[in-house]
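Working notes, beginning with the structure itself.
In our numbering, the protein residues as written are 1 to 206.
This is the structure we're talking about:
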């Protein structure tokens, strides 16, 4: 833990098979997917390691219609995040990454197994999202004892009116370089590619 940040080097994740299949172009209306595809999804999911980070930051104020001010000096300008965080006590920054995915995908392509490489890529993407779910589940169990919980929704930079540049703020606050991650200072794209950042709210629960 660094400056209140919690790091995870091997998060327990189980990516939703149906979402992986959807990413691969399979639809429920088309009937059940081939068994070898489902088997490959399970096999690759067990091989991928997911790491992540988590940080809670106090909310010091909000200003309608779209400004949120945090205790670390961060000022957020977004109507979507304002709606998410208004009434919350804290903002939770979280990130998840699948560091081994690029090498494993390249390995499959190198072995002339392009079909498996495509499946592996889809599994890795869903593993990153599942990593965020895992972090919120672990942390949710801890804060529940204090009468706190997370908002049902979370926002990722680049969606809605949350600027992609906000990834830089989250990246820096979580000090994600410690997990071997990096961010392009101009495009704000993350590396490894299968990485995702998000913001959730911490609120009082009944």
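Glycine residues also receive a C-beta, built at the ideal position from the N, C-alpha and C atoms. Every value quoted in this text rests on a predicted model; they were computed, and no experiment measured them.
query, result
"Boundaries (first-last residue) of the beta strand (DSSP E) holding residue 202", "195–204"
"Residues sharing a beta bridge with residue 88, DSSP", "None, per the DSSP bridge assignment."
"CA-to-CA distance, residue 66 to residue 76, given in whole angstroms", "8 Å"
"Three-way DSSP call (helix, strand, coil) for residue 151 in this model", "coil"
"CB of residue 105 within 9 Å of CB of residue 117, strictly", "yes"
"Residue 61 versus residue 97 - alpha carbon distance", "31 Å"
"Reduced DSSP secondary structure (H/G/I, E/B, other) of residue 94", "strand"
"Other residues of its chain near residue 190: CB distance less than 6 Å, five sequence neighbours each side excluded", "183"
"Exposure label - residue 186; buried when at least 16 CB within 10 Å", "exposed"
"Beta-carbon proximity check, residue 122 vs residue 193, cutoff 9 Å", "no"
"Stretch pair the region 149–156 + the region 195–204: three plus CB contacts closer than 8 Å", "yes"
"Residues sharing a beta bridge with residue 56, DSSP", "92"
"Validate contact between the region 48–63 and the region 18–25 using beta carbons, cut 8 Å, 3 pairs", "no"
"Reference residue 14; option with closest CA among 83, 129 and 180", "129"
"Other residues of its chain near residue 171: CB distance less than 6 Å, five sequence neighbours each side excluded", "183"
"Distance, residue 8 Cα to residue 49 Cα", "10 Å"
"Collapsed DSSP secondary structure at residue 161 in the structure displayed", "coil"
"Among 74, 145 and 47, the one whose alpha carbon lies nearest that of residue 59", "74"
"For residue 208, the residue or residues it bridges with in DSSP", "Since the first residue shown for the chain is 1 and the last is 206, residue 208 is missing from the structure and cannot be characterised."
"Closest Cα partner of residue 161 within the set 28, 35 and 80", "80"
"Bridge-paired residues (DSSP) for residue 62", "68"
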